[in-house]
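Read the structure below first, then the notes.
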Amino acid sequence: MNSALMEYFNSLKGKRVAVIGLGVSNRPLVEGLLDAGVPVTVCDKRRREEFNGIVETLERRGMTAALGPDYLEHLNGADIIFRTPGLRPDVPQIAQAVAAGAELTSEMEAFLNLCPCRIIAVTGSDGKTTTTTIIAGLLKAAGYRTFVGGNIGRPLLCQLDSIRPDDMVVLELSSFQLMTVRQSPGIAVVTNLAPNHLDVHKDMAEYVAAKRNIFAYQDGCDRLVLNADNEITAGFAQEARGAVTLFSRRRTVEGGVYLREKTVICGGRPVLTTDDILLPGLHNLENYMAAVAAVDGLVPDEAIRDFARTFGGVEHRIELVRELDGVRYYNDSIASSPSRTIAGLRSFAQKVILIAGGYDKHIPYDVLGPEIAKSVKVLLLTGDTAEKIKAATLAAPGYETGRPDIYDCADLEAAVAQSRALAVPGDVVILSPASASFDCFKNFEERGKAFKNYVNVLK
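For the sequence shown, the positions run 93 to 551 when our numbering is used.
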C-alpha cells in the first residue's frame with residue numbers, strides 16, 4: 093500500500109470512524125480501512141437485504157453496520173465521518189456530531205490531500221463528463237499514465253499505491269462533492285453555470301458557492317480555466333489566485349482559447365478546426381475549447397487534432413441509438429437541466445421530436461420554452477415536470493398553436509411508441525429530458541438504457 097495512504101489510515105487507528113453510505117465510492121474506502129486495522133461503522137439508509145451479502149462479508153472483517161431509516165442516529169461519538177456526496181453536510185445528525193468534535197471529510201477530500209501527481213478537475217452545470225473524458229483522452233494520447241475519477245471512473249483513494257508523481261489525474265467533481273472540500277486542484281475547469289440541483293441546494297447562491305471551491309484554494313502556480321461566455325463563470329476570474337485562461341466561442345480572448353471563423357485558437361496559435369471535431373453540437377465545441385485550455389503545454393496540438401477526429405463521445409450524451417425507416421433516435425439522458433436540453437436541441441439543424449420530463453429538481457423552465465418553440469416539431473412529455481415544461485412552452489413568445497404539437501405520455505415507453513407513430517423519414521427523435529430521472533429511474537444511466545431498449549425493440 094502507498095506509504096502516504098498507509099500513513100493516513102494509520103493516523104485513524106484508535107479513532108472512531110463512521111462512513112456514511114456503502115456505495116460505489118465508499119466501499120473501497122471501507123475495505124481499505126478494514127485492511128489497515130481501522131474499525132469502521134457504516135451508516136446506510138438501505139436495509140440489510142438490499143446489499144446481497146456484502147454487509148455480512150464486511151462484518152466478518154470487523155465492520156459495524158447501522159442500516160435502515162435511523163442510520164444517521166449512529167454518528168454520536170464518531171471522531172471521523174466520511175460523508176457520501178449526495179448527503180448535505182448540515183443535516184442535523186451530522187451537524188450535531190461535528191459540534192461535538194467530529195471531523196467531517198469524504199473519500200474525495202482525502203484523495204485531493206494525498207494525491208502525489210498533478211490533478212486536473214472539471215466542474216460545471218453541463219459538459220462535465222464529456223470535457224473530463226476529452227481531457228483524459230488527450231493526456232493518454234500524449235503518453236501520460238492517466239487516472240480518471242470523481243463523478244466518473246473508479247474511486248481513486250485506494251488506488252494511490254498505483255499513482256506515481258509523473259502521472260496525471262483527471263476528476264469530474266459535482267457541487268455535492270465540492271461543498272466541503274478545502275483543497276483545490278492545480279488545474280481547475282469550470283465549463284458553465286446555470287440553475288441546477290436546487291432540490292438539494294438551498295438556493296442558487298449555495299450552488300455557485302460549492303462550485304467556487306474548485307479554485308478557492310489554488311495559489312499563484314495554479315491555473316483556472318473559465319467560460320468567458322457565461323456570466324457567472326466569467327465573474328470568477330476576479331477571484332482567482334492563480335493564472336486564468338478564458339475560453340470563448342463568441343469573442344476573442346487575449347491569451348485564451350477562442351474561435352476564429354472555424355478555427356480554435358489557443359494562445360494565438362491555431363490548434364484544430366471545427367471540421368476536426370467528430371462530436372456534433374456547439375456545446376461540444378465549447379467542451380473541446382475548455383479541454384484545450386486545460387492541457388495547453390501538456391499535449392501537442394497534433395495529438396489534439398488526431399483525438400478530435402476519432403472520439404465519438406460518451407454514452408447517454410446525444411448518443412445515436414439507431415436509424416429505423418429513415419428516423420434517427422438519439423439518447424441524451426444526461427440532460428437533466430433545461431440548459432443541457434437547449435444545448436442538445438441546438439446540435440441539430442432541423443426541428444426534432446423531443447421526449448422530455450422527469451423528476452422535479454425545483455429549477456425554472458422559463459428559458460426552455462422559447463427553445464422548444466423554435467427547435468421542436470413534436471413535444472412528448474412524461475414525468476413530474478411535464479406540466480411545467482408544457483406551461484413554459486405555451487407561454488413562450490414564439491409559440492403558435494400546434495407548433496409544436498404537444499402530447500402527454502404515461503411513461504417513457506409510451507413516449508417512444510408515440511414517437512414511432514408520429515415520425516416520418518428524415519426526422520430526429522431525441523430523449524433530452526431537462527429533468528432528473530428519480531421519479532422512475534435510479535439515475536440517468538438507467539433511464540438512458542431503458543430508452544435504448546425501447547428504441548431497439550421497435551419494429
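A virtual CB, placed ideally from N, CA and C, is assigned to each residue, including glycine. A quick note: this is a predicted structure, and the numbers were derived from the prediction, not measured.
Using three-state DSSP, classify D500 as helix, strand or coil. strand
For I226, does the three-state DSSP call read helix, strand or coil? helix
How big is the Cα-Cα spacing for V626 and S527? Nothing can be reported for residue 626: it is not among the residues displayed for the chain, which extend from 93 to 551.
To which residues of the same chain is F536 closer than 7 angstroms at the C-beta, ignoring the five residues directly before and after it? H408, S425, I426, S428 and S529
Using alpha carbons as the reference points, say which of E142, L437 and G312 lies closest to H375. L437
Which residue from V516, M260, G129 and K534 puts its Cα closest to that of L150? G129
Okay, do the stretch 275-283 and the stretch 445-454 touch, 3+ Cβ pairs below 8 angstroms being the bar? no
Which residue's Cα is closest to the Cα of V122: L164, R152 and D500? R152
What distance in whole Å lies between the Cβ atoms of V520 and I455, which are believed to be in contact at a cut-off of 8 angstroms? So it is not a contact: roughly 25 angstroms between Cβ atoms.
State the beta-bridge partners of F174 as determined by DSSP. V111 and T197
Around the Cβ of L249, are there at least 16 other Cβ atoms within 10 angstroms (buried) or fewer (exposed)? buried
Cα-Cα separation, D171 to A187: 13 angstroms
In chain order, what residues of the same chain have a beta carbon less than 6 angstroms from the beta carbon of F328, not counting five sequence neighbours either side? L318
Which residue marks the beginning of the beta strand (DSSP E) containing R414, and which one marks its end? E411 to L416
Please state the DSSP three-state secondary structure of M296. helix
Contact under 7 angstroms by Cβ, V547 with Y421: yes
Candidates V111, A286, F268 and K232, of which the one nearest V261 by Cα: K232
State whether the stretch 410-419 contacts the stretch 473-490, with contact taken as three or more CB pairs (one from each stretch) at a distance under 8 angstroms. no
Quick check: the Cα distance between F440 and P372, rounded to an integer number of angstroms? 8 angstroms
Count the other C-beta atoms from every protein chain shown that fall within 10 angstroms of the C-beta of D218, then say buried if there are 16 or more, exposed otherwise. buried
For M155, the three-state DSSP class (helix, strand or coil): coil
Which first and last residues belong to the alpha helix (DSSP H) in which F536 is found? F536 to N548
Beta strand (DSSP E) containing A213: first to last residue? R210 to T215
What distance in whole Å lies between the Cβ atoms of P287 and P120, which are believed to be in contact at a cut-off of 8 angstroms? Between P287 and P120 the Cβ distance is about 33 angstroms, and since that is not below 8 angstroms, they are no contact.
Are the stretch 222-230 and the stretch 376-387 touching, with three or more C-beta to C-beta distances below 8 angstroms? yes
So I306 and V282 are in contact, right, with Cβ under 8 angstroms, and what is the actual spacing, rounded? 7 angstroms
Between S266 and P181, how many whole angstroms is the CB-CB distance? I'm expecting something under 8 angstroms. About 14 angstroms; that fails the 8 angstroms criterion.
Between the C-alpha atoms of E394 and G334, what's the straight-line distance to the nearest angstrom? 28 angstroms
Among the candidates I212, I211, P184 and L179, whose CA atom is the shortest distance from the CA of T197? L179
Quick one: is the Cβ of T221 within less than 6 angstroms of any heavy atom of the ligand MG? Looking at this structure, you won't find the ligand MG or any other ligand, since it has none at all.
Per DSSP, what kind of secondary structure is T474 in: helix, strand or coil? coil
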